[in-house]
Structures are given as C-alpha cells and as structure tokens.
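A.B. asks:
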Amino acid sequence: MQQITAPDISYLAIAPILIVLGFACVGVLVEAFAARERRWGLQVAISAAALILSGGFLAYFLSSNDAAGGPTGRTGVTTLAGMVTVDKPALFLWGTLLALGLLALLLLADRTVGGDLRTEVFPLFLFALGGMLVFCAANNLLTMFVALEVLSLPLYLMCGLARKRRLISQEAAVKYFLLGAFASAFFLYGLALLYGYAGSVKLADIATAAVGTDRSDTLLFAGLGLLTVGLLFKGSVGPFHTWTPDVYQGAPTPVTAFMAACTKVAAFGGILRVLTVAFQSTQWEWRGVLWGVAIVSMAIGAIFGLTQTDVKRMIAYSSVAHAGFLLVGAIAMDADGLSSTLFYLLTYGFTTIAAFGVVGLVRGGGGEVSTLSQWAGLAKRSPMLAWVFTFLLLALAGIPMTSGFIGKFLVFSAALRDGMAPLVVVALVFSAVAAFFYLRVVVLMHFREPVEDGPTVSVPGVFTTVAIALGVFVTLLLGVVPGFVLTWASSGGFLS
Amino acid sequence: MSPTYYLLLSALLFSIGTVGVLVRRNAIVVFMCIELMLNAVNLTLVTFARVNGKLDGQVMAFFVMVVAAAEVVVGLAIIMSIFRTRRSASVDDSNLLKY
C-alpha cells in the first residue's frame, strides 16, 4: 500500500483566496442567524473586510517575495500539489480583481438609489470573487473547471436577484445559466480529451506531451478547441457572446458592473495561462483560428453595437468588441502581449464599472431607465453626470489621455511586433467603427433637446460617488501616467 | 474489449446532449441534456483512466459529479423561480430581452 503524503501548502501565497472564500462562508452564516435589520450592515462590513484583508495579504506577499528574492524565489510559487500557481501574472490579476471587486462592492452596497437587492448578494459576490481568484491561478485544468463553476454559479444567481424588474432579471438568469452550463460542458469535454492525450490535466504536462510525440493530434486539437470554446464563452468573445447583451441588460446594474469587469479579467487570465503554459509549442496550428475569432468578435461588437437602443446592451456589445481587442493581445504569446493584455484588463475593468455606476443613476418612475432615446438631452438636466459618462465612453472608445487609449496602443503594438499587422489593421478599423456608437451617445446627451417626462438623475449616495470617482480617476491616471502599473504588469511571466 | 467503443459511445452521448440543448424547448429538458453531456464526459474520463492505467481520471469523474450536483441545485432554483412568476418553463416564453 502506497503511503499518501500530504502536499506542501504555502498558506501565505494563497491567503487571499482563503480569506475571500472564508469570509463568504461567514457571510452565509450571518445570512442564516443575524436579525434581518442588522444583516445589510454586517454583510457589507464582512465583504469589505474580506477584500481589504485579502488585498493586505497580497501586498505583504508581494513585498516579502520581491524584497528578499523571496523564500520561494522571485518568480512565484506553485503550491497545493501543483494545482495553483501564484506567479507574477496571477498576482497582478488578483490585485486587479480585488480592486475591481471593491469598486463593485461599493456599487452593490449603496442603498440610496434603487435598493433592488437583498443581502444574499454579498456572500454570493464573495464566492464568485473567490472562484475568479482561483481561476486566474489554476495550474491544472481540473482546478480550473472547479474554479469556473465556483465563479459562475453565484453569478447566475446574482443575475436573478432583482426584485423590481423581476421578470427580465430572472430571464437573464435562466439564459445565463443554461448557456453557461452548456459552455462548461464543452470545457469539460475538452479537458477529458486532453487527459486522454497527455495522461494528465496539468498544464505543464500537456505542454510536455505536445512537444514531439507521435500521439494523436486529433485528441490534442479537439480538446484544445472545446476547451477554448468554454473559456471564450466566459470572456464573452466573438461568436460565443450571445448571452452577453441579454444578461448585461437583465441583471441588476451593480451586478452587471461586477460581472462585466471581473469575469472578463478572470476569463482572460485563464485564457492567457492556458494558451501560454500548455499550448505555446503548438501555437502555429491554432493561432489562425483565434485570429478569426478575434476578428469576428470585434466585428460583432462594433457592428451590432451600432444598432442598439439600450445603453446597457450597447455597453455589452462594446464589451464583445473589447474582448476581441484583448484576444489580439492574448495571442501575441510573448512578454509584451502578456503585459499589455493585463494592463488592458485593468483599465477596461475600471472604466466599465464606473460606466455601469453612472447608468444605475439615471432613473424614471419604474426604476432605471436605460433606453437610449430617453437619455436625449441629459446634459441639460445633469451636466456633471453627462460629462462623466462622456469621459468614460471616450475611454472605452480609446481616445488619447484616457487609459483606454494606452491599453489599445500597447495591445496593438505588441501584436504588431509579433508580426500580426493585418490583424492590427482590422482591429483599428473596428475600433473606429466602435468609436462611432460611443460618440452617438455623447451627441445624444449633449446636443439633443430633452424628451418629455424623461428620466431623472438621482443623487448618488457616498458609496456610488466614491466608486464612480475612483473609476474615473484611474481611467484618467492610467491615461496620463501608465508607467507604474505597466511596470508591475510586465514584471514577470507565467510559471509552469 | 477495445476502449474505442467506449469513447465512441461517450462522443455519441455528448452529441445527443448537444443537439438536445439546441432543439428542446423546456428549460428542465434542456438542463437534463446538459447533464447528459457531463455524464458523457465522465465516461470519457473513466475510459482514458483505464487506457492510461491511472486512477486520476476516475477521481476527476467524481469531481465532475459533485460540480454537476451543485449545478443542479442552482439551476433548478433559477428555473423554479422563473416558473413561479411565469407559470411556464419553456425557454421560448422568456422573450423580453432581445435585439
């Protein structure tokens, strides 16, 4: 009988995950035992404490690791029997996720506008965030699958939690759930085929198996294809985006903000890691396909975005277009591609959360008004809000002096250096097309007469104000002085 | 007996599940088709575990089952709640969000 030895666990490295998931469990207990009137405050406090504590441990790990050359070396640490790798990109993604999570939490916690949510949303939020943290660091496809479900299942529920707009909220939840489960079945079948190919689902083992063997390429590429479908679905890329507009529109706006920013970060973190660590050696076989996917994604996002009549749907199609741009960076497959994609994810996340924060403030009799025609002349009612939203839209369009410009510039120049000039030209064309529909909203807000009995702009509570202000501030800051974040993003590559 | 048959069977089950998701209209039946896809994956995993002579494929099948069970909990909760408000579990009736 073989002795089973317990694997070494580097608790310090995975502390952020443990804290977020642990506090999520505490949140569930509070939900069960605390008195109803005290729950809201308690839950907000628990979630905020989880994020801040987890960020603190992350910062401590970063500094201890960097200063001493680390007990574990400078590049990172693989722990939990090789299931989780905490390397430089993972740490960057964790930092991004926790920061974006904090912003999303501020939007969720504000009850002065709307108050459409119940307290269950906070533990679910923490579980989803914990899943995302694991997903970015998973070094094994099975861990990745479990993390994928841990992040998805709470999100499905969060989409359906709205009380006032119950019908469309539930519809969004059902659509997201069925399509999401469908996509994870594809991911899983890809995992099974790769297991058959490599005899293991560790990313590094797949990479080793893919180099110079006479094994059946059918298994490898069928597996990779199915796996990628699952991942691209989560990142709402290209032809796998069908859930995005419906879910973005139907879900309560703070939840949409969280989902739009953080899921994108987690999904692209996973895509980058899988492609780089496991499939780098076969890149010439699959890269052409992902070229196509990136182009389709940009085209769908830019063209369908033009025809939208709802602000939330428009931002959803914009996110599909952005997913295409991100994929351009992700398939550059070198250090520049990695750092520019990470940077882009950070900037996109902050801008999107702030944009959804603004969308949540425009309200009419029956709650939020996101119909575009109702937004006409909003600048006359509330110049401040209109200007903030204009700035965020310009950032999404990638106008200089905003972080969106720097992000696009870095991604495209990384792709260009990697010899993908045609793809970059296509991407530039589509970002010009996409700029048109952002500008359409700007024109609508500033140069049209207000509609009769149009929406009013609620005065935001402190939390929402802080969230939007932070989002705008980061968007501006990274548009002017991107250097320090970029240094961090390019501090190291994936550890296999 | 050759493992190929098992792999073909699981591929067939997976395809049946996929087609089912695409053509069936009742949310519960769509969901059952997804479960069929997951179980097809389990069969593939166990077959490959046998081919490779390792146990980890079988362990993975357990992971898949646990995750599938969690998915059932969440999925049925969502389908139940929409059934309560709409009195229908047909995916065609959920048509407020489009274009």
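Order-wise, the sequence lines are chains A and B. Residues 1 to 496 (our numbering) are what the first sequence spells out, left to right. Residues 1001 to 1099 (our numbering) are what the second sequence spells out, left to right. Glycine included, each C-beta is placed from N, C-alpha and C at the ideal position.
(1) Could you tell me which residues DSSP pairs with Y363(A) in its beta bridges?
(2) Given that a residue counts as buried once 16 or more other Cβ atoms are within 10 Å of its Cβ, and exposed if not, what is C25(A)?
(3) Would you kindly report the start and end of the unbroken beta strand (DSSP E) that includes M77(A)?
(4) Checking contacts by CB at 8 Å: is S1081(B) closer than that to chain C?
(5) Suppose only complete runs of 3+ residues qualify. What are the beta strand (DSSP E) ranges in the segment 72-140 of chain A, listed by chain order?
(6) For Q43(A), which residues of its own chain have a beta-carbon under 7 Å away from its beta-carbon, when the five flanking residues on both sides are left out?
(7) For K202(A), which residues does DSSP report across the bridge?
(8) So with CB distances below 7 Å, who are the chain A contacts of L1038(B)?
(9) Provide the residue span of the alpha helix (DSSP H) that contains L161(A), from first to last.
(10) So which of R166(A), V77(A), R215(A), L410(A) has the shortest CA-CA distance to Q249(A)?
(11) Can you confirm whether the segment 4-24 of chain A touches the segment 73-82 of chain A when touching is taken to mean that 3 or more C-beta pairs between the two stretches lie within less than 8 Å?
(12) In angstroms with no decimal places, state the Cα-to-Cα distance between A48(A) and V1023(B).
(13) How long is the line joining the alpha carbons of V1019(B) and V293(A), rounded to whole angstroms?
(14) Smallest Cα separation from S340(A): which of Q308(A), F405(A), Y317(A)?
(15) Would you kindly work out how many angstroms separate the C-alpha atoms of N1095(B) and F61(A), rounded to a whole number?
(16) Strictly by DSSP, which residues pair up with S1090(B)?
(17) With P254(A) as the anchor, note down where its alpha helix (DSSP H) starts and where it stops.
(18) At a Cβ threshold of 8 Å, is V1122(B) touching chain A?
(19) Of all the CB atoms in chain A, is at least one closer than 8 Å to the CB of I1034(B)?
(20) My output table needs one value for D310(A): the three-state DSSP class, helix, strand or coil.
(21) Spell out a yes or no on whether the segment 421-440 of chain A and the segment 344-364 of chain A are touching, meaning 3 or more CB-CB pairs, one atom from each, closer than 8 Å.
(22) Applying the 10 Å Cβ sphere with the 16-neighbour rule, what's the burial state of Q3(A)?
(23) Keeping to the same chain, check which residues put their C-beta closer than 6 Å to that of L232(A); ignore five residues upstream and five downstream.
(24) With DSSP as the reference, label Q2(A) as helix, strand or coil.
(25) Quick check on Y1005(B): buried or exposed, where buried means 16 or more other Cβ atoms within 10 Å of its Cβ?
(26) Note down the Cα distance separating S169(A) from W284(A), rounded to an integer number of angstroms.
(27) How many Å lie between G196(A) and M1032(B) at the Cα?
(28) Does any CB atom of chain B fall closer than 8 Å to the CB of I168(A)?
(29) Which of the three DSSP states is assigned to L1096(B) in this structure?
(30) Tell me the rounded alpha-carbon separation between A376(A) and T456(A).
(31) What does E452(A) touch in chain B if you count any residue whose Cβ is under 8 Å from its own?
(32) Using a Cβ distance threshold of 8 Å, determine whether the segment 221-230 of chain A contacts the segment 254-269 of chain A, with at least three qualifying pairs required.
(33) Using the beta-carbon count (16 or more within 10 Å), is I1079(B) buried or exposed?
(34) Under 8 Å, do G82(A) and N140(A) count as touching if we go by C-beta distance?
(35) Within the 8 Å Cβ cut-off, does E171(A) reach chain B?
(36) I need the straight-line Cα distance from A1070(B) to A34(A), nearest angstrom please.
C.D. replies: Reading from the atomic positions:
(1) As a working note, residue 363(A) is residue 363 in the first sequence. In the sequence under discussion, the amino acid at residue 363(A) is Arg, which differs from the Tyr named in the question. DSSP lists E368(A), T456(A) as partners of R363(A).
(2) Taking the first sequence and counting its residues from 1, the one referred to as residue 25(A) is at position 25. Counting Cβ neighbours within 10 Å, C25(A) comes out exposed, since fewer than 16 surround it.
(3) Here the question's residue 77(A) lines up with position 77 in the first sequence. One point to set straight first is that residue 77(A) is Val, not Met, in the sequence displayed. That run of the beta strand (DSSP E) goes 76-79.
(4) The structure shown contains no chain C; its protein chains are A and B.
(5) Listed in chain order, they are 76-79, 84-87.
(6) Along the first sequence, one-based indexing puts residue 43(A) at 43. G27, V30, T119, F122.
(7) Residue mapping note: residue 202(A) aligns to position 202 of the first sequence, counting from 1. The secondary-structure analysis by DSSP pairs K202(A) across a beta bridge with N140(A).
(8) Residue numbering aside, residue 1038(B) sits at position 38 when the second sequence is read from its first letter. The answer, in chain order, is A185, L188.
(9) As a first step, residue 161(A) is located in the first sequence; it is residue number 161 there, counting from the start. First-last for L161(A): undefined, no H or E at that position.
(10) The sequence position of residue 249(A) within the first sequence is 249, counting from 1. Q249(A) has its Cα closest to that of R166(A), out of R166(A), V77(A), R215(A), L410(A).
(11) The segment 73-82 of chain A vs the segment 4-24 of chain A: in contact.
(12) Residue mapping note: residue 48(A) aligns to position 48 of the first sequence, counting from 1. Residue mapping note: residue 1023(B) aligns to position 23 of the second sequence, counting from 1. Between A48(A) and V1023(B), the C-alpha separation is close to 44 Å.
(13) Looking up residue 1019(B) in the second sequence gives position 19. Looking up residue 293(A) in the first sequence gives position 293. Their backbone Cα atoms lie some 23 Å apart in a straight line.
(14) Residue mapping note: residue 340(A) aligns to position 340 of the first sequence, counting from 1. Ranking Q308(A), F405(A), Y317(A) by Cα distance to S340(A) puts F405(A) first.
(15) Walking along the second sequence from the start, residue 1095(B) turns up at place 95. Walking along the first sequence from the start, residue 61(A) turns up at place 61. Spanning the two alpha carbons is a distance of roughly 49 Å.
(16) Residue mapping note: residue 1090(B) aligns to position 90 of the second sequence, counting from 1. According to DSSP, S1090(B) bridges with N1026(B).
(17) The count along the first sequence starts at 1 and reaches residue 254(A) at position 254. It spans 253-258 - the alpha helix (DSSP H) in which P254(A) sits, taken as one unbroken run.
(18) Nothing in the structure corresponds to residue 1122(B), since chain B is present only between 1001 and 1099.
(19) Working through the second sequence from its first residue, we reach residue 1034(B) at position 34. Answer yes: the Cβ-Cβ gap between I1034(B) and chain A drops below 8 Å somewhere.
(20) Here residue 310(A) is taken as the residue at index 310 of the first sequence, counted from 1. Note: D310(A) maps to strand in three-state DSSP.
(21) Contact between the segment 421-440 of chain A and the segment 344-364 of chain A is absent, because fewer than three Cβ pairs lie under 8 Å.
(22) Translated into the one-based positions of the first sequence, residue 3(A) becomes position 3. Classification of Q3(A): exposed, given that the 10 Å Cβ count is below 16.
(23) Translated into the one-based positions of the first sequence, residue 232(A) becomes position 232. Excluding sequence neighbours, L232(A) sits near F240.
(24) If you number the first sequence from 1, residue 2(A) lands on position 2. Residue state for Q2(A) is assigned as coil, using DSSP reduced to three classes.
(25) If you number the second sequence from 1, residue 1005(B) lands on position 5. The residue is exposed, with fewer than 16 neighbouring Cβ atoms inside 10 Å.
(26) Reading the first sequence from its first residue, position 169 is the one you call residue 169(A). Reading the first sequence from its first residue, position 284 is the one you call residue 284(A). Rounded to whole angstroms, the separation of the alpha carbons of W284(A) and S169(A) is 43 Å.
(27) As a working note, residue 196(A) is residue 196 in the first sequence. As a working note, residue 1032(B) is residue 32 in the second sequence. Rounded to whole angstroms, G196(A) to M1032(B) spans 26 Å at the Cα level.
(28) As a position in the first sequence, residue 168(A) is number 168, starting the count at 1. Yes, I168(A) counts as interfacial toward chain B.
(29) To locate residue 1096(B), count along the second sequence from 1; it is residue 96. The answer is coil: DSSP assigns L1096(B) none of H, G, I, E or B.
(30) Sequence index remark: in the first sequence, residue 376(A) carries index 376 (1-based). Sequence index remark: in the first sequence, residue 456(A) carries index 456 (1-based). If I take the Cα positions, the gap works out to 12 Å.
(31) Counting from 1 along the first sequence, the entry for residue 452(A) is found at position 452. Near E452(A) there are no residues of chain B at all, since even the closest Cβ is about 25 Å away, more than 8 Å.
(32) no
(33) Position 79 of the second sequence holds residue 1079(B). I1079(B) comes out buried.
(34) As a position in the first sequence, residue 82(A) is number 82, starting the count at 1. As a position in the first sequence, residue 140(A) is number 140, starting the count at 1. Contact flag set, yes.
(35) Counting from one through the first sequence, the residue named residue 171(A) turns up at place 171. Answer yes: the Cβ-Cβ gap between E171(A) and chain B drops below 8 Å somewhere.
(36) Against the second sequence, residue 1070(B) aligns to sequence position 70. Against the first sequence, residue 34(A) aligns to sequence position 34. Taking the straight line from one Cα to the other gives about 25 Å.
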